[in-house]
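Engineer:
Protein chains: 2
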Amino acid sequence: MAKTYIFGHKSPDTDTITSSLVMANLEKALGNADAVACRLGGLNKETEYVLNYFDIEAPELIDDVEDDAQVILVDHNSPSESVDNLENAKILKVVDHHKLALETSYPLFYRAEPVGCTETVLFKLYKENGVEVTKEIASLMLSAIISDTLLLKSPTTTEDDVEAVKELAEIAEIDYESYGLEMLKAGTDLSDFSIEEILDLDAKQIDFGDVKSIVNQVNTASIPDVLEMQEDLEDGIQKIIDDEDLDIFMLLITDIVNSNSEVLVLGSQASLVEVAYDVTLEDNHALLEGVVSRKKQVVPIMTETASKL
Amino acid sequence: MAKTYIFGHKSPDTDTITSSLVMANLEKALGNADAVACRLGGLNKETEYVLNYFDIEAPELIDDVEDDAQVILVDHNSPSESVDNLENAKILKVVDHHKLALETSYPLFYRAEPVGCTETVLFKLYKENGVEVTKEIASLMLSAIISDTLLLKSPTTTEDDVEAVKELAEIAEIDYESYGLEMLKAGTDLSDFSIEEILDLDAKQIDFGDVKSIVNQVNTASIPDVLEMQEDLEDGIQKIIDDEDLDIFMLLITDIVNSNSEVLVLGSQASLVEVAYDVTLEDNHALLEGVVSRKKQVVPIMTETASKL
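Going down the list, the protein sequences come from chains A and B.
Residue 917 in our numbering sits at position 292 of the first sequence, and the numbers go up by one each step.
Residue 770 in our numbering sits at position 145 of the second sequence, and the numbers go up by one each step.
1. Secondary structure at residue 637 (chain B), three-state DSSP: helix, strand or coil?
2. When you compare the stretch 668-685 of chain A with the stretch 801-819 of chain A, are there three or more beta-carbon pairs, one atom per stretch, that lie closer than 8 Å?
3. I'd like to check one pair, residue 904 (chain B) with residue 911 (chain B): are the Cβ atoms closer than 8 Å?
4. If residue 742 (chain A) sits next to residue 827 (chain A), beta carbons under 8 Å apart, how far is it from one beta carbon to the other, in whole angstroms?
5. At 8 Å on the CB atoms, spell out the chain B contacts of residue 934 (chain A), in chain order.
6. To test your reading of the DSSP string, which unbroken alpha helix (DSSP H) runs of 4 or more residues are found completely within the stretch 820-886 of chain B?
7. Answer with buried or exposed for residue 684 (chain B), where buried requires no fewer than 16 other C-beta atoms within 10 angstroms of its C-beta.
8. Ordered along the chain, which non-local residues of its own chain (more than five positions away) have a Cβ less than 6 Å from that of residue 708 (chain A)?
9. With a 10 Å radius around its C-beta and 16 neighbouring C-beta atoms as the bar for buried, classify residue 636 (chain B) as buried or exposed.
10. Could you spell out the range, first to last residue, of the beta strand (DSSP E) harbouring residue 809 (chain A)?
11. Look up residue 676 (chain B) in the DSSP assignment and say whether it is helix, strand or coil.
12. Mind pulling the chain A residues with CB within less than 8 Å of residue 704 (chain B)?
13. Beta carbons nearer than 8 Å to chain A: which residues of the stretch 726-737 of chain B have them?
14. Thinking C-beta only, is residue 699 (chain A) closer than 8 Å to residue 772 (chain A)?
15. Can you give the Cα-Cα distance for residue 735 (chain A) and residue 706 (chain A), rounded to whole angstroms?
16. Can you find the residues in the same chain that come closer than 7 Å, C-beta to C-beta, to residue 716 (chain B), ignoring five residues on each side of it along the sequence?
17. Tell me the residue span of the alpha helix (DSSP H) that contains residue 748 (chain B).
18. Around the C-beta of residue 731 (chain A), are 16 or more other C-beta atoms found within 10 angstroms, so that it is buried, or is it exposed?
19. Run down chain B in chain order and give the residues with a C-beta less than 9 Å from the C-beta of residue 715 (chain A).
20. Determine the burial state of residue 854 (chain A): buried for a count of at least 16 other Cβ atoms within 10 Å of its Cβ, exposed for fewer.
21. Would you list the one or two residues that DSSP bridges to residue 756 (chain A)?
22. Put residue 774 (chain B) into one of helix, strand or coil per three-state DSSP.
23. What do you get for residue 652 (chain B), buried or exposed, if any count of 16 or more other CB atoms within 10 angstroms of its CB means buried?
24. Under 8 Å between the Cβ atoms of residue 923 (chain A) and residue 840 (chain A)?
25. May I have the straight-line CA-CA distance separating residue 861 (chain B) from residue 802 (chain B), to the nearest angstrom?
26. What residue from A:920, A:628, A:703, A:798 has the CA that sits closest to residue 762 (chain A)'s CA?
27. Is it the case that the Cβ atoms of residue 920 (chain A) and residue 870 (chain A) are separated by a distance below 8 Å?
28. My understanding is that residue 885 (chain A) touches residue 913 (chain A), with C-beta atoms under 8 Å, so please give their C-beta distance in whole angstroms.
29. In chain order, what residues of the same chain lie with their CB nearer than 8 Å to the CB of residue 891 (chain B), ignoring the 5 residues before and after it?
30. Taking C-beta pairs closer than 7 Å, name the residues in chain B that residue 701 (chain A) reaches, listed in chain order.
31. Say the cut is 7 Å; is the CB of residue 931 (chain A) nearer than that to a heavy atom of the ligand ADP?
32. What do you get for residue 718 (chain B), buried or exposed, if any count of 16 or more other CB atoms within 10 angstroms of its CB means buried?
33. In chain order, which beta strand (DSSP E) runs of at least 3 residues are fully inside the stretch 884-928 of chain B?
34. Residue 793 (chain B) lies in the alpha helix (DSSP H); which residues open and close that run?
35. Please report the straight-line C-alpha distance between residue 883 (chain B) and residue 630 (chain B), rounded to a whole angstrom.
36. Helix, strand or coil: which one does DSSP assign to residue 647 (chain A)?
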């Protein structure tokens, strides 16, 4: 039988890596002996922590797949986030929780739900197919849901995610709150990164109407630790603003322990943040109480505020 | 709560109509009291037969939906086959068995499988959610699978479809073979249609490489009955060839009882059919043994044959 390559998106995170492993295990249980878990890039520090903690091998690193290869996509469906030669592959299945961005010339198995994490969908697939969720599989699923939902505190969290975490924590025999916090903290280690790398790690160009913007987000267990680098960060941000001709650059420093974000803002339209959140920037930064999701708690309100300019 | 409109594709067939009814029933069982089964066009004769047989009311006929309406798509996902203002609606769910042709700006529930019929997927959803498949629901599901798979004889039929038909026939307490044949025969009644309408009913423009083509398909229980109209059909076909500047027009007259097709062919490239199927056209027609699926048994072989010209 031909190999089936299973992989998540480029710049893999914990959901993408664990989902490829968990989906490969499901495929094997369903009789597809040649399913292989793969990845399209290096592991981040959080995912490294997870695989080390449970002593699990990382998926195989691949650059592309041969023409006519059989593939299964997890945690993404957009060709722009997938292998470069996806158009020459035969997509057998997709399991995902993102918006739709894929066209095909043939019918396929497609399973997506608007939940916080792909593993929440995979957990359902295991149950529906009567496939055993072992302690190891439960540990991987649990880690991904904690990662994607910031310990169930992100507004992307659904009831299905909460329910899954409770059931999986029992199977995995893990105190998910203390484990999850350590895992998230491991992901916040910035010590290996230069200022330029930090400002590029998770930067998204998101214009608010006519206001040209970049919103970057870093997770941390200690906002003051990150603000110690404020001077260097501002130098780096100012350079990006000049190079890209931006109106505003927002660096969300998200406290994963207390579920708040300190926002560091530069640019001619920095005061938009003060209007949007009814806060006062002091020394270019302010606390945004309860804000952890760029997608749900920053983009909509900033876009609305900019539209009233 | 806002209404949720549930509908299948334009030019509705039995799968599309029954799937909107069956999905609306599932949604209600899951707590969405405001789910409404709808349809985007008139009923064909086969579907009329089904609804009359089981004394079930047709879904509500709609032209479009209001802006920001909540909708659920069944048996299609392509905006070109859906309500005209789909881009202004919020798609909550899709249940389907076709190729992917939809992009969204938000995540949603998407469930598709490469099986013969949407109802085969819906049957699984009922089971997974522990919702009772009543005699009436089973009758609708069964009718659609028989329709889409031509009584499990089409090459689009999968093991899942066969399994579903067996289970559903028991719940519905129906001898599915005799009922199915009567249902399919009801759909072959051409008495209300003019020659022009027959030649337009299910015509698809499908070019084989550089060979400009239309392939039309009509189902029948008696090929000789259709061939009685040969002279009038040929006049109509020749007119279409002239108007559309076609190289070939194929009319597949599919015998749903014996699972064969007689093909009536006109056009300068008519001999391509003789090469492709190793047959001799006599009086412009020939029997294609075992051919019932335009998608799987005509388009690929004709395209390959044309490529060798």
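We treat Cβ as the ideally placed atom computed from N, Cα and C, and that holds for glycine.
Structural biologist: From the atom records:
1. Your numbering for residue 637 (chain B) matches position 12 in the second sequence. Residue 637 (chain B): coil per DSSP, three-state reduction.
2. yes
3. If you number the second sequence from 1, residue 911 (chain B) lands on position 286. If you number the second sequence from 1, residue 904 (chain B) lands on position 279. Yes, they are a contact pair.
4. The residue given as residue 742 (chain A) occupies position 117 in the first sequence. The residue given as residue 827 (chain A) occupies position 202 in the first sequence. Not a contact, Cβ separation roughly 17 Å.
5. Within the first sequence, numbered from 1, the residue matching residue 934 (chain A) stands at position 309. Here the premise fails: no neighbours, minimum Cβ distance about 23 Å.
6. 820-826, 848-852, 855-869
7. Counted from its first residue, the second sequence places residue 684 (chain B) at position 59. The residue in question, residue 684 (chain B), is buried, as its Cβ has 16 or more Cβ neighbours within 10 Å.
8. Locating residue 708 (chain A) in the first sequence gives position 83, where the first residue counts as 1. When the five nearest sequence neighbours on each side are left out, the beta carbons in the same chain lying within less than 6 Å of the beta carbon of residue 708 (chain A) are those of 689, 690, in order along the chain.
9. What you label residue 636 (chain B) is simply residue 11 of the second sequence in a count that begins at 1. Flag for residue 636 (chain B) reads exposed.
10. For this step, residue 809 (chain A) is matched to residue 184 along the first sequence. Here residue 809 (chain A) belongs to no beta strand (DSSP E); instead the alpha helix (DSSP H) covers 801-811.
11. As a working note, residue 676 (chain B) is residue 51 in the second sequence. If DSSP states are grouped into helix, strand and coil, residue 676 (chain B) belongs with the helices.
12. As a first step, residue 704 (chain B) is located in the second sequence; it is residue number 79 there, counting from the start. Within chain A, no residue comes near residue 704 (chain B); the closest Cβ sits about 11 Å away, beyond 8 Å.
13. 726, 727, 728, 729, 730, 731, 732, 733, 734, 735, 736, 737
14. Here residue 772 (chain A) refers to the residue found at position 147 of the first sequence. Here residue 699 (chain A) refers to the residue found at position 74 of the first sequence. No. Outside cutoff.
15. Taking the first sequence and counting its residues from 1, one reaches residue 735 (chain A) at position 110. Taking the first sequence and counting its residues from 1, one reaches residue 706 (chain A) at position 81. Taking the straight line from one Cα to the other gives about 17 Å.
16. Within the second sequence, numbered from 1, the residue matching residue 716 (chain B) stands at position 91. These residues qualify, in order along the chain: 696, 698, 729, 733.
17. Reading the second sequence from its first residue, position 123 is the one you call residue 748 (chain B). Taken as a continuous stretch (DSSP letters only), the alpha helix (DSSP H) holding residue 748 (chain B) covers 743-753.
18. Counting from one through the first sequence, the residue named residue 731 (chain A) turns up at place 106. Result: exposed.
19. Numbered from its first residue, the first sequence carries residue 715 (chain A) at position 90. Simply none; closest approach about 11 Å.
20. Counting from one through the first sequence, the residue named residue 854 (chain A) turns up at place 229. Result: exposed.
21. What you label residue 756 (chain A) is simply residue 131 of the first sequence in a count that begins at 1. Per DSSP, none; premise fails for residue 756 (chain A).
22. Counted from its first residue, the second sequence places residue 774 (chain B) at position 149. Helix at residue 774 (chain B).
23. As a working note, residue 652 (chain B) is residue 27 in the second sequence. Residue 652 (chain B) is buried by the Cβ-count criterion.
24. The residue given as residue 923 (chain A) occupies position 298 in the first sequence. The residue given as residue 840 (chain A) occupies position 215 in the first sequence. Yes, these two residues count as a Cβ contact at 8 Å.
25. The count along the second sequence starts at 1 and reaches residue 861 (chain B) at position 236. The count along the second sequence starts at 1 and reaches residue 802 (chain B) at position 177. Each residue's Cα considered, the two are about 35 Å apart.
26. To locate residue 762 (chain A), count along the first sequence from 1; it is residue 137. Among A:920, A:628, A:703, A:798, the Cα nearest to that of residue 762 (chain A) is on A:798.
27. As a first step, residue 920 (chain A) is located in the first sequence; it is residue number 295 there, counting from the start. As a first step, residue 870 (chain A) is located in the first sequence; it is residue number 245 there, counting from the start. Cβ distance not < 8 Å, so residue 920 (chain A) and residue 870 (chain A) don't count as in contact.
28. Locating residue 885 (chain A) in the first sequence gives position 260, counting from the first residue. Locating residue 913 (chain A) in the first sequence gives position 288, counting from the first residue. The pair is a contact, with the Cβ atoms about 7 Å apart (cut-off 8 Å).
29. Reading the second sequence from its first residue, position 266 is the one you call residue 891 (chain B). Answer for residue 891 (chain B): 859, 862, 863, 866, 873, 874, 909, listed in chain order.
30. The count along the first sequence starts at 1 and reaches residue 701 (chain A) at position 76. The contacting residues do not exist; residue 701 (chain A) stays about 12 Å from chain B at best.
31. Of ligands this structure carries none, so the ligand ADP is not represented either.
32. Taking the second sequence and counting its residues from 1, one reaches residue 718 (chain B) at position 93. Answer is buried; the Cβ neighbour count reaches 16.
33. 885-891, 910-913
34. Start at 1 with the first residue of the second sequence, and residue 793 (chain B) comes out as number 168. Element bounds for residue 793 (chain B): 784-797.
35. Position 258 of the second sequence holds residue 883 (chain B). Position 5 of the second sequence holds residue 630 (chain B). So the alpha carbons of these two residues sit roughly 39 Å apart.
36. For the purposes of this step, residue 647 (chain A) is identified with residue 22 of the first sequence, where counting begins at 1. Here residue 647 (chain A) sits in helix by DSSP.
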